[in-house]
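Asks:
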Amino acid sequence: MTVEQNVLQQHSQKHQQTLLNQLREVTGTTDVQLLQQALQVSNGDLAEAVAFLTEKNAKVPQQDEATYYQTTQVGNDRYISVGSQADTNVIDLTGDDKDDLQRAIALSLEESSRAFRETGITDEEQAISRVLEASIAENKASLKRTHTEVWSDSPNPHDRKRMENCPVGLKNVGNTCWFSAVIQSLFNLLEFQRLVLYYSPPARVQDLPRNQKEHRNLPFMQELRNLFSLMVGSKRKYVDPSRAVEILKDAFKSSESQQQDVSEFTHKLLDWLEDAFQMKAEEDREGEKPKNPMVELFYGRFQAVGVLEGKKFENTEMFGQYPLQVNGFKDLHECLEAAMIEGEIESLHSSAENSAKSGQEHWFTELPPVLTFELSRFEFNQALGRPEKIHNKLEFPSMLYMDRYMDRNREITRIKREEIRRLKEQLTLLQQRLERYLSYGSGPKRFPLADVLQYAMEFASSKPVCTSPLEDIDTSAPPGGTTGQLLPALSTAEQGPSCTLPEGLSPAPTQAPSTQQRVPIHKPFTQSRLPPDLPMHPAPRHITEEELRVLEGCLHRWRSEVENDTHDLQGSISRIHRTIELMYSDKSMMQVPFRLHAVLVHEGQANAGHYWAYIYDPHQQRWMKYNDISVTKSSWEELVRDSFGGYRNASAYCLMYINDKKPFLIEEEFDKETGQMLSGLDKLPSDLKAYVKEDNGLFDKEIEEWDTLQARKAQQEKLALVAATAAAETTTSPQPMSTEPSPPDSWGPQQDPEYMEQPSPTDDSKHLQEDTERAISKAAAEKQEERSPEGLLTAAIKVEYTRLLRFAQEDTAPENDYRLQHVIVYFIHNQAPKKILERTLLMQFADRNLSFDERCKSIMKVARAKLDLVKPEEVNMEEYEMWHQDYRNFRETTIFLMIGLELFQKKCFVEALMYLIYSYQYNRELLVKGLYRGHNDELIGHYRRECLLKLNENAAGMFESGEEPEVCNGLSIMNELVVPCIPLLLVHDTEKDLLAVEDMRNRWCSYLGQEMEPNLQEKLTDFLPKLLDCSTEIKSFHDPPKLPTYSTLELVERYGRVMASLSRVPADGR
């Protein structure tokens, strides 16, 4: 076999393997034989193979180990799947078995080689084209509804002018955000940028390319050079990549509305670039082994070390993008660990040849300067017959140390992995032991053991109470719900044996106490709602002092032992966690640093969505967000929110790391003579410099023509204004003022704020801005024939109003209150006038921070112009402000309620009271104007009432302690918080509030007949008149608490969370 035949056969095997990998990813089937059968039946047609597997709908059999652990030949597949699924470009390691299926595959490979030699088009490319064409009909409608961002340029070229030294964006020319994200990530690798800019095609193919592959790759390289040169030196804010995109689309043979997969496109792009540079390398280095700069930049090697049924094997393989599974892992290191170890690997470390265990490890022998991880966030749902996106959170570091995965550290890494495994086993045992202490019990409800012992100690030490009817009537409290509840801390009398009221006997209002002077105080509280034999606190009926002393000693000792054990377990667990975290932190394992260069983000679902990129600028030392034509400053925090996943439908899909010890990747070029850093056109070769100068000249000419046209229009407007003024002066009747707007600012050159320094909008405005842009995009997709800004504005307002109307009409739970998400929903609920709704929507679309998108900008200007044309008599501005002030009051009431409920749930009753009091008062004022102006007043009233009852209970407990500081604190709570609020419970005369007030008063009046220290009796005597007759002393309230500022998203999330956590209010309100 000749060298050429051998190369072609290897390429055919590579493409056959790629088809198997793609078929496995699309269908979720892992059975290699079933996949090969599907490809054989379909004659290599990937679409038919998918149909064969899905129609068959057979259960996937358990994969045979002999198939699972086979690996590839050396250099056989640069795009091999090396994740948690085993590689399936197989070599039979156990024998020479060649069945009919293998012979069929060999025949298929031979046919693929012949087709490739004849046409230059690979089977992979043909299969991709067929799959894309098959899926386009299904996806087209959904794609039109999601980010069909095709911008029409602003007619004003000043809006499209690049600010000095600002990065250049890429125009979206029809669902090409995937193209923009990848190209920007590669362009900002300055070494890659230089390679592309200074590429020159081989001289031998300039006249006539040999085959269709060269005929495609070389023009693409030239268009990529042109595009890169414009991104370097253009005067435009963004440039048009249409010509390069068209070559790609022709190659994929897909519709314009089809969104490409980022990993698929990156694979193809690097493949084309490699081929183009390979041709040049072969021409430049005749007779020597050529070096391909694309391979050296993006490709690495790893060692596959395995054992199959006791037989060891070891292969070296090449890789480009390294695929990683996301599902089931929490961070990048966990993904890598899972990808590097497959199966049971114990036998790898032993010399036993007869072991039946099988497994394999991957060890990197050579890492590329640019290390790209492809995160597999899509999986095929066989039940639904479609792919689904995985939204799980996956963390990744900004600096990644790859030492633990290097072949040279194989032995020490194995030792550390074994140590980590041992520590994790120990950690699991400790956590199980700790759980037994923290969740003690055998029933469904479990409690910390230390608390259980404490509760038992408190129960044992509680004094038994006497409930004799005669004692109750003769000695102490008024008849009522608290009869006979003598507090042990305040009582010095000997307690008799416990006794209860006979059945049918209950204290009656006519049973006056023996102490006549107390009768007037007791009269209002003779109604009882509690059974007379129900004690206030549980207590042992019979216990001796000796029993109590022994029991208290044991319980106290046991609780101390449990607390010490719990503390020791928690400390051990923390130390093990720390040991695991620091396992690879020694300097010897931090010698291969890779810094995060770019993160490609996908937002949406599996079949449609939007891509953008975060790219690190090492010179400004900050992250930048590249979102089509928009290039803005960003931060690590924003990147984390959008890229880690788990927060919304956005998550990282591709991570690009660069070797931190190879600064040439991102270093700027310097002039050899002057030592100055090259920038702009100075970075370009002569042919591209001329190309960019020509394009800049055309743009300068466009600006000049625009300025001339606008100057002429301004002059005409000025003359018309003078003529109108002169005509008005000659008339005797007064003329109305013109309602025509003044010439827009855009008619002349604008001094926009510096492009990169525009302040980022607040979270609220950003949230509203996203809703507005989404409405505009949807309107543009539905009204493709409508291109005027006025028509699009009308359509977008209709789309936004329809969305909000649907929210307003939904019957939702309290935790999903759509009124908080948008003022229009609040207005619709409360039947605001149509003019109020219209002006509010116009204000939304007239936001100056709407977007860098030229289409949105033009719609914003139209909206502002329409606002200027609104006559004062058309919209009552006082009424307009009143409605918006009501909505601000509604949000403020919501914040009071939310914070109050959060504090109440944390049992911070003192802090919660004022928030609940003011939320109730403000809510009542809103509800006077309409039923939907505020929140459920019964809910707020319930928690206001419960908070006061809790404070009353706590204050009474402090008083019962008899300790001077506690007594003073308890009475202070009553005087400063509870007593001033009682009139608020009485003013609306609701039954539950009246009963709560009666409970509080009864609790304190029950102390009157008890024996206590004289100073306590004096304090109680001073306090009770304030409690019983609020008119004698009403404390003024504190000022309302100062509220923090929340964005709409934060408010909706926190309010929903606290409302969802509330338990259902019992029927009695308690």
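Quick note on this note's numbering: the sequence shown kicks off at 3 and runs consecutively. We put the beta carbon where it would ideally sit given N, CA and C, even for glycine.
Considering just the uninterrupted stretch of the alpha helix (DSSP H) at threonine 634, what are its terminal residues?
Replies: No alpha helix (DSSP H) contains threonine 634, which is instead part of the beta strand (DSSP E) from 632-635.
Asks: Leaving out five residues on either side along the sequence, give the residues of the same chain with a beta carbon under 6 Å from the beta carbon of serine 400.
Replies: Counting only Cβ-Cβ distances below 6 Å, and skipping sequence neighbours, we find Leu598.
Asks: Hey, would you say tyrosine 301 sits closer than 7 Å to proline 370, going by beta carbons?
Replies: Yes. Within cutoff.
Asks: Measure how close the beta-carbons of methionine 900 and valine 999 come, nearest whole angstrom, since I'm counting them as under 8 Å.
Replies: 26 Å between Cβ atoms; not a contact.
Asks: Terminal residues of the continuous alpha helix (DSSP H) containing leucine 455?
Replies: Leucine 455 -> alpha helix (DSSP H) spans 451-463.
Asks: Between which two residues does the beta strand (DSSP E) harbouring serine 587 extend?
Replies: Here serine 587 belongs to no beta strand (DSSP E), and DSSP marks it neither H nor E.
Asks: Taking the straight line between their C-alpha atoms, what separation do you get for asparagine 1004 and proline 835?
Replies: Those two C-alpha atoms are separated by around 51 Å.
Asks: The beta strand (DSSP E) spanning threonine 318 covers which residue range?
Replies: First-last of the beta strand (DSSP E) with threonine 318: 313-321.
Asks: Does the beta-carbon of valine 724 have 16 or more other beta-carbons within 10 angstroms, so that it is buried, or is it exposed?
Replies: With fewer than 16 Cβ atoms within 10 Å of its Cβ, valine 724 is classed as exposed.
Asks: Taking C-alpha atoms, which residue in Gln823, Gly932, Ile838 lies nearest to aspartate 874?
Replies: Just to set this straight, residue 874 is proline in the shown sequence, not aspartate. Ranking Gln823, Gly932, Ile838 by Cα distance to proline 874 puts Ile838 first.
Asks: Excluding five sequence neighbours on each side, which residues of the same chain lie with their C-beta closer than 8 Å to the C-beta of threonine 741?
Replies: Because threonine 741 carries a pLDDT of 34, less than 50, the predicted location of this residue cannot be relied on, and the following value inherits that uncertainty. Leu871, Lys873.
Asks: Assuming leucine 377 and cysteine 656 make a contact with CB atoms under 8 Å, what is their CB distance in whole Å?
Replies: Between cysteine 656 and leucine 377 the Cβ distance is about 7 Å, and since that is below 8 Å, they are a contact.
Asks: Please report the straight-line C-alpha distance between phenylalanine 194 and glycine 647, rounded to a whole angstrom.
Replies: Roughly 29 Å separates the two Cα atoms.
Asks: Pull up the distance between the alpha-carbon of aspartate 644 and that of serine 156, whole angstroms please.
Replies: Going by the C-alpha atoms only, they are around 29 Å apart.
Asks: Would the beta-carbon of valine 234 fall within 7 Å of that of isoleucine 660?
Replies: Not closer than 7 Å, so no.
Asks: Can you give me the C-alpha to C-alpha distance between glutamate 962 and glutamine 1012, rounded to a whole angstrom?
Replies: One C-alpha to the other measures close to 11 Å.
Asks: With three or more C-beta pairs closer than 8 Å as the rule, is the stretch 306-325 touching the stretch 216-231?
Replies: Verdict: no, contact absent.
Asks: Are at least three pairs of beta-carbons, each pair with one atom in the stretch 875-882 and one in the stretch 938-952, less than 8 Å apart?
Replies: As far as the Cβ criterion goes, the stretch 875-882 does not touch the stretch 938-952, which means the pair count is below three.
Asks: To the nearest angstrom, how far is the alpha carbon of glutamine 678 from that of aspartate 630?
Replies: If I take the Cα positions, the gap works out to 31 Å.
Asks: Span of the alpha helix (DSSP H) holding asparagine 1004?
Replies: Where asparagine 1004 is concerned, the enclosing alpha helix (DSSP H) stretches over 993-1007.
Asks: Could you tell me the boundaries of the alpha helix (DSSP H) in which asparagine 891 lies?
Replies: Here the alpha helix (DSSP H) through asparagine 891 covers 879-907.
Asks: What number of angstroms, rounded off, separates the C-alpha of alanine 600 from the C-alpha of serine 187?
Replies: Looking at the two C-alpha atoms, the distance is approximately 6 Å.
Asks: My understanding is that lysine 691 touches leucine 683, with C-beta atoms under 8 Å, so please give their C-beta distance in whole angstroms.
Replies: Confirmed, about 5 Å.
Asks: Thinking C-alpha only, which one of Cys858, Val825, Asp697, Gln712 is nearest glutamine 1136?
Replies: Outside the modelled stretch of the chain, which goes from 3 to 1072, sits residue 1136, for which no answer is possible.
Asks: Alpha carbon to alpha carbon, what distance is there between glutamate 276 and proline 295?
Replies: C-alpha separation (whole angstroms): 8 Å.
Asks: Using only alpha-carbon positions, find the residue among Phe666, Met459, Leu436, Pro967 that is nearest to proline 450.
Replies: Of Phe666, Met459, Leu436, Pro967, the residue nearest in Cα terms is Leu436.
Asks: Between which two residues does the alpha helix (DSSP H) holding asparagine 329 run?
Replies: Neither: asparagine 329 is in no alpha helix (DSSP H) and is coded neither H nor E.
Asks: Comparing C-alpha positions only, which one of Leu232, Ala652, Tyr618, Met591 sits nearest to serine 636?
Replies: Ranking the options by Cα distance to serine 636, first place goes to Tyr618.
Asks: Mind checking whether leucine 334 and isoleucine 578 have CB atoms under 7 Å apart?
Replies: Cβ atoms of leucine 334 and isoleucine 578: not closer than 7 Å.
Asks: Please report how far the alpha carbon of lysine 426 lies from the alpha carbon of glycine 445, in whole angstroms.
Replies: Spanning the two alpha carbons is a distance of roughly 29 Å.
Asks: From this set, Pro1042, Pro1043, Tyr1057, which residue's C-alpha is nearest serine 1049's C-alpha?
Replies: Cα-wise, what sits closest to serine 1049 is Tyr1057.
Asks: Report the partner residues of phenylalanine 380 according to the DSSP bridge assignment.
Replies: Beta-bridge pairing links phenylalanine 380 to Lys391.
Asks: Quick one: Cα of asparagine 818 to Cα of valine 642, how far?
Replies: If you take the alpha carbons of asparagine 818 and valine 642, they lie about 26 Å apart.
Asks: Should alanine 385 and valine 564 be called a contact, given that it needs their Cβ atoms to be closer than 7 Å?
Replies: No, the pair does not count as a contact, with Cβ atoms beyond the cut-off.
Asks: Take the Cβ of phenylalanine 672 as the centre, count every other Cβ of all protein chains shown within 10 Å, and call the residue buried at 16 or more, exposed below.
Replies: Phenylalanine 672 comes out exposed.
Asks: For leucine 553, which residues of its own chain have a beta-carbon under 6 Å away from its beta-carbon, when the five flanking residues on both sides are left out?
Replies: Excluding positions up to five away in sequence, the list reads Ala462.
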